[in-house]
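Count along the sequence shown from 1, then add 233; that gives the number in this note's numbering. Here a beta-carbon is modelled for each residue, glycine too, at the ideal position from N, C-alpha and C. The structure under discussion appears below in the form of structure tokens.
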Amino acid sequence: MATAEVQPVLPDELLEDIFLRLDDAADLARASAACTSFRRVVSSRRFLRRFRSPHTLPVLGFLEFIGVAGLHFHHAGPPHRSAMAARALAQAADFSFSFLPKDPLKSCRVCDARDGRVLLGRSTSGGWGFGDLVVCDPLYRRYVQIPLITDDPVASALHSGQLEFESGWLEAFLAPPGEDEEEDALSFQVICNVLYEDKVVAFVFSSVTGEWLRVASFSFLPYGCIEDPESLVRHNIRGCFYWRHHTWNNLLVLDTCEMKFSVVDPPPDSLNRQWAVADAGEDRLDLIAIDQCALDFYCKTLQNIGLGTDKWRHEKRISLPEINCNWSIIGTAEGCFLLLASPQDFFSFRPEMPKAQYFTLEIKTLLVERQCVARRFVYCACLYASFPPPLSLPSI
Numbered sequence: 234m235a236t237a238e239v240q241p242v243l244p245d246e247l248l249e250d251i252f253l254r255l256d257d258a259a260d261l262a263r264a265s266a267a268c269t270s271f272r273r274v275v276s277s278r279r280f281l282r283r284f285r286s287p288h289t290l291p292v293l294g295f296l297e298f299i300g301v302a303g304l305h306f307h308h309a310g311p312p313h314r315s316a317m318a319a320r321a322l323a324q325a326a327d328f329s330f331s332f333l334p335k336d337p338l339k340s341c342r343v344c345d346a347r348d349g350r351v352l353l354g355r356s357t358s359g360g361w362g363f364g365d366l367v368v369c370d371p372l373y374r375r376y377v378q379i380p381l382i383t384d385d386p387v388a389s390a391l392h393s394g395q396l397e398f399e400s401g402w403l404e405a406f407l408a409p410p411g412e413d414e415e416e417d418a419l420s421f422q423v424i425c426n427v428l429y430e431d432k433v434v435a436f437v438f439s440s441v442t443g444e445w446l447r448v449a450s451f452s453f454l455p456y457g458c459i460e461d462p463e464s465l466v467r468h469n470i471r472g473c474f475y476w477r478h479h480t481w482n483n484l485l486v487l488d489t490c491e492m493k494f495s496v497v498d499p500p501p502d503s504l505n506r507q508w509a510v511a512d513a514g515e516d517r518l519d520l521i522a523i524d525q526c527a528l529d530f531y532c533k534t535l536q537n538i539g540l541g542t543d544k545w546r547h548e549k550r551i552s553l554p555e556i557n558c559n560w561s562i563i564g565t566a567e568g569c570f571l572l573l574a575s576p577q578d579f580f581s582f583r584p585e586m587p588k589a590q591y592f593t594l595e596i597k598t599l600l601v602e603r604q605c606v607a608r609r610f611v612y613c614a615c616l617y618a619s620f621p622p623p624l625s626l627p628s629i
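See below:
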């Protein structure tokens, strides 16, 4: 009787090199379901860190910043390529955050989302402060309550309510992972900007130390004051945060590696238009401006993370798929935009509410995909980009 031929076992290092060549995380999830040895290699934190470096995490949905009827997660639906993974996430995760302690006097708002974590601000009618921040993992139903700052005059004024009288605003968001956090995947940092019309003060909270630290401040006075600083819109690109304002003709930049603020001028052609910055790779920065049913792309080189000295160049113009719509950028993640297409006759009399169409735009490929269609019109959203289940590991 002939003996069965023993199949050779590939070493883990070779399997990793093969899996790194897969196109996206959905393919990786399917490969991990083939056998236990594939699952062991794919689900390791070391491999997922390697896979993430050359790949963009799939956008699985978006959260409204302020939910009128509670917090709401809009997951990607067909024909979007992330539809299956997004549906699995929506079924497994708790985006109502029912695992948080209840406080009938406080309402939640979404501040940011990154790497499977969601940063919430729990506010009362009198505002919110550092001690009202909570970092959550909706998939594993874990959370960390962020403590107050007690030894800083600016933070103390904010917590006591005095800062609101002085026209200051608090903006909180999650920092991109540093080299140390790549090794400790459960650690994170929260950045809080206290914004005034004439300056900004930045604080950083580390989950490792459990403490806040004031790290930077910057004066707007040489560039003109900012009316209504709460209207600054934030974008994140490779360790830098960029803010734009509808009346302030500058870009505010925070380099999180050096924790320094700076200011740069946007392209002149983008003034009085909605625009956002994007990571185009290859050491350059893209600025994308909406012009009716088209997008104009401007580019500028990056030098040592900071902005280069060359001028903006108009590179290309692409058309958007729905021509009879008003387009707006309502959310960004690294390498991806979330676009809202609303009917041009939105305010005309209708027997029923028109539908909102949401699209994702992948910057590197310029691929525009319909993410979902809903009757809720959201004008400010937070993209949730993550590995799909079952590859998502605990983040807290």
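Check whether residue i and residue j have beta carbons under 8 Å apart
| i | j | result |
| --- | --- | --- |
| LEU304 | PHE284 | no |
| ALA346 | LEU616 | yes |
| PHE212 | LEU428 | The chain is shown only over 234 to 629; residue 212 falls outside these bounds and no answer can be derived. |
| PHE363 | LEU381 | yes |
| VAL433 | PHE451 | yes |
| VAL292 | ALA618 | yes |
| PRO621 | ALA259 | yes |
| ARG355 | ASP370 | no |
| ALA449 | PHE494 | yes |
| ALA614 | LEU247 | no |
| ALA267 | GLY294 | no |
| TRP545 | GLU463 | no |
| ASP488 | ARG506 | no |
| ASP257 | HIS288 | yes |
Residues near residue i by beta carbon distance below 8 Å, same chain, minus five either side
| i | result |
| --- | --- |
| CYS458 | GLU430 and ASP431 |
| ALA511 | HIS468, ILE470, LEU518, ASP519, LEU520, ILE521, THR565, GLY568, PHE570 and ILE596 |
| ALA589 | LEU573, ALA574, SER575, VAL606, ALA607, ARG608, ARG609, PHE610 and VAL611 |
For residue i, three-class secondary structure by DSSP
| i | result |
| --- | --- |
| TYR475 | strand |
| PHE330 | coil |
| LEU381 | coil |
| GLY294 | strand |
| ARG608 | coil |
| GLU399 | Confidence is the limiting factor: at GLU399 the pLDDT is only 47, short of 50, which leaves the residue's position unreliable, though a coordinate-based value still follows. Here GLU399 sits in coil by DSSP. |
| ILE629 | coil |
| PHE363 | helix |
| PHE453 | coil |
| GLY300 | With a pLDDT of only 49 at GLY300, under 50, the local geometry of the prediction cannot be trusted, and no value is derived from it. |
| ASP529 | strand |
| PHE582 | Any reading at PHE582 needs caution, since the residue's pLDDT is 49, under 50, leaving its predicted position unreliable; the model's value is listed next. Coil at PHE582, not helix or strand. |
| LEU281 | helix |
Nearest residue (CA-CA) to residue i, options the options
| i | options | result |
| --- | --- | --- |
| ASP527 | ASN557, THR534 and VAL427 | The identity of residue 527 in the sequence shown is Ala, whereas the question assumes Asp. Comparing Cα positions, the closest option is ASN557. |
| SER561 | ARG546, VAL343, LEU594 and VAL497 | LEU594 |
| TYR591 | LEU624, ASN559 and PHE421 | ASN559 |
| VAL601 | HIS313, LEU255 and PRO337 | HIS313 |
| SER628 | GLN577, PRO410 and LYS544 | PRO410 |
Beta carbon proximity, residue i to chain C, threshold 8 Å
| i | result |
| --- | --- |
| LEU626 | Judged by its chain identifiers, the structure shown contains no chain C, having just a single protein chain. |
Whole-number beta carbon distance between residue j and residue i, since they are thought to touch under 8 Å
| i | j | result |
| --- | --- | --- |
| PHE298 | VAL343 | 5 Å |
| LEU366 | VAL423 | 7 Å |
| ARG471 | TRP508 | About 19 Å; that fails the 8 Å criterion. |
| ASN483 | LEU504 | At roughly 11 Å, the Cβ-Cβ gap does not stay under 8 Å, so ASN483 and LEU504 are not in contact. |
| ALA316 | LEU372 | Wrong, their Cβ atoms sit about 18 Å apart, outside the cutoff. |
| SER440 | VAL496 | Not quite, the Cβ-Cβ distance comes to about 30 Å (not below 8 Å), so this is no contact. |
Neighbourhood of residue i by C-beta distance below 6 Å, restricted to the same chain and skipping five residues each side
| i | result |
| --- | --- |
| ALA323 | HIS308 |
| SER270 | none |
| ARG374 | ASP327 and PHE332 |
| LEU624 | ALA262 |
Same chain, Cβ closer than 7 Å to residue i, neighbours up to 5 away in sequence not counted
| i | result |
| --- | --- |
| GLU548 | PHE530, TYR531 and CYS532 |
| PRO554 | VAL601 |
| LEU253 | ARG283 and PHE284 |
heavy atom of the ligand SAM below 7 Å from residue i C-beta
| i | result |
| --- | --- |
| PHE453 | The ligand SAM is absent from the structure shown, which contains no ligand whatsoever. |
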